[in-house]
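Q:
The following block contains the structure:
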């Protein structure tokens, strides 16, 4: 059973919460983050993407970037923007976007559970990005952004939620992306014990939904601290990392789309001929957004096409190989367009579904890219089944929305 424990958070005073809360470090480019934070000195982007406060020519992995993050974090603390709670607590975090609401518990998950695969993963990580977040943790001595976890739904969870929501929230604001953020602090020792027992007795497994690089980095640094501490007990704060755990029935996965720079030296006619071996192709008079598994939208030379994957590609048992995103990668992107490794290829980019199909058109119409593929979202059931099977999904298979904000909770390693 997984450990999910309360912790002593550093968090913003109520009046500053809406100013501190920022998008996660990995959903904005440096330029976008610099623009977003330029008129807000309290934005947590100054911690999560601290290169925005340094010369634009600096390498984002330079040691000075991490030192600046530490400086900016402690400025928020020393200026009284962030304060430390007197005792370890849990917190309840509600996010509403449009007609959708997701409610998660904020606490600390176990590094040991991560290594033992009690916390399951579904995505490979890149060493350079792991090391970036590990360096951020090492230098700041803190987890400054929560890992997004999920677990299989349990009715007892909703009972806990209803008890907590009888109290007034400590934060209640609309963030800059028009998401309603409400957070409750859980101080009652009886309820804290009930939550701890819920995870220890009712939940077999936690799953990383979003934040694979952050969780890997937290686990790496936690193991380093343990190995370098001759008096290691296993209860030190570095053995745990900041997380928010949601039941899977609260979550919504959006599409994660692809844009490609060129047709791999094929003519348009040659490309269509090869493509036709994998999908049925029909032209669409309007933007085509897939409405079910097996459909892909394609934008090329100012026109949209509906692609329908041929049934023979689903006649396999492997849950990964049957994903639409796998079929696209294994039978179109790699053999036809030459994108053998989407993690390292400079000819592919990924566009989260929150940006819409117009963003795909924009990237292609600008001449930056030649072709775009709009995907039907991977389901949460597919994600959990693949993680349970110990398998790995293709990169950029899922886009969760709404995203968790950085800056509302900080967890120090000692």
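In this note's numbering, the protein residues as written are 1 to 414. Positions of the beta carbon are idealized from the N, C-alpha and C atoms, including for glycine. Keep in mind it's a predicted model, so treat the numbers as computed, not measured.
#1: Using 8 Å as the threshold, is the C-beta distance between residue 12 and residue 403 below it?
#2: Among the candidates 53, 204, 411 and 397, whose CA atom is the shortest distance from the CA of residue 388?
#3: Since residue 95 sits in a beta bridge, which residues does DSSP pair it with?
#4: Provide the residue span of the beta strand (DSSP E) that contains residue 152, from first to last.
#5: Considering only C-alpha positions, which residue in the set 391, 5 and 136 is nearest to residue 197?
#6: Locate the alpha helix (DSSP H) running through residue 189, then write down its first and last residues.
#7: Is the beta carbon of residue 171 closer than 8 Å to that of residue 408?
#8: Keeping to the same chain, check which residues put their C-beta closer than 8 Å to that of residue 179; ignore five residues upstream and five downstream.
#9: Can you tell which of 297, 369, 314 and 16 has the C-alpha that lies nearest to the C-alpha of residue 43?
#10: Taking Cβ to Cβ, would you say residue 90 is nearer than 8 Å to residue 186?
#11: Of the residues 334, 100 and 383, which one's Cα is nearest the Cα of residue 262?
#12: Report yes or no: do three or more beta-carbon pairs, one from the region 76 to 91 and one from the region 49 to 61, lie closer than 8 Å?
#13: Identify the continuous beta strand (DSSP E) that holds residue 327 and give its terminal residues.
#14: Considering only residues of the region 51 to 87, which uninterrupted alpha helix (DSSP H) runs meet the minimum length of 4 residues and lie entirely inside it, listed in chain order?
#15: CB residue 133 to CB residue 252, shorter than 8 Å?
#16: Of all the options 350, 361, 35 and 177, which has the alpha carbon lying nearest to the alpha carbon of residue 394?
#17: So, at 7 Å on beta carbons, what are the nonlocal neighbours of residue 33 in its own chain, with the 5 sequence-adjacent residues on each side left out?
#18: Just reading off the beta strand (DSSP E) that residue 206 is part of, what are its end residues?
#19: For residue 68, I'd like the list of residues in its chain whose CB is within less than 7 Å of its CB, leaving aside the five on either flank, ordered along the chain.
#20: Compute the Euclidean distance between the alpha carbons of residue 323 and residue 41, then round it to the nearest angstrom.
#21: May I have a chain-ordered list of the alpha helix (DSSP H) segments no shorter than 4 residues that lie completely inside the region 305 to 354?
#22: Can you list, in chain order, the residues of its chain with a C-beta nearer than 8 Å to that of residue 343? Leave out the 5 residues immediately preceding and following it.
#23: Going by C-alpha distance, which of 14, 372 and 64 is nearest residue 135?
#24: Considering residue 282, what are the terminal residues of the alpha helix (DSSP H) in which it resides?
#25: With the cut-off set at 8 Å, would you say residue 289 and residue 374 are in Cβ contact?
#26: Please report the distance separating the alpha-carbon of residue 268 from that of residue 348.
#27: Measure the alpha-carbon distance for residue 354 versus residue 307 and round it to whole angstroms.
#28: Between residue 193 and residue 215, what straight-line distance do the alpha-carbon atoms span, to the nearest angstrom?
#29: Where DSSP assigns a beta bridge to residue 123, which residues make up the other side?
#30: Which value, in whole angstroms, describes the spacing of the CA atoms of residue 415 and residue 106?
#31: At a cut of 8 Å, does the region 297 to 304 reach the region 357 to 375 through at least three beta carbon pairs?
#32: In whole angstroms, give me the CA-to-CA distance for residue 224 and residue 114.
#33: Enumerate in chain order the residues of its own chain whose CB-to-CB distance from residue 122 is below 6 Å, with the five nearest sequence positions on each side excluded.
#34: Identify the residues that DSSP records as bridge partners of residue 12: which are they?
#35: Terminal residues of the continuous alpha helix (DSSP H) containing residue 271?
#36: So residue 142 and residue 412 are in contact, right, with Cβ under 8 Å, and what is the actual spacing, rounded?
A: Reading off the structure:
#1: no
#2: 204
#3: 102 and 181
#4: First-last for residue 152: undefined, no H or E at that position.
#5: 5
#6: 189 to 202
#7: yes
#8: 95, 96, 97 and 402
#9: 16
#10: yes
#11: 334
#12: no
#13: Where residue 327 is concerned, there is no enclosing beta strand (DSSP E), although the alpha helix (DSSP H) it sits in stretches over 324 to 328.
#14: 63 to 78
#15: no
#16: 350
#17: 45, 49 and 52
#18: 206 to 210
#19: 50, 53 and 54
#20: 43 Å
#21: 324 to 328
#22: 124, 126 and 395
#23: 64
#24: Careful: residue 282 lies outside any alpha helix (DSSP H), inside the beta strand (DSSP E) at 279 to 284.
#25: yes
#26: 18 Å
#27: 21 Å
#28: 25 Å
#29: 393
#30: This structure cannot speak to residue 415, because the chain is shown only from 1 to 414.
#31: yes
#32: 14 Å
#33: 383, 386, 387 and 393
#34: 82
#35: 268 to 275
#36: 5 Å
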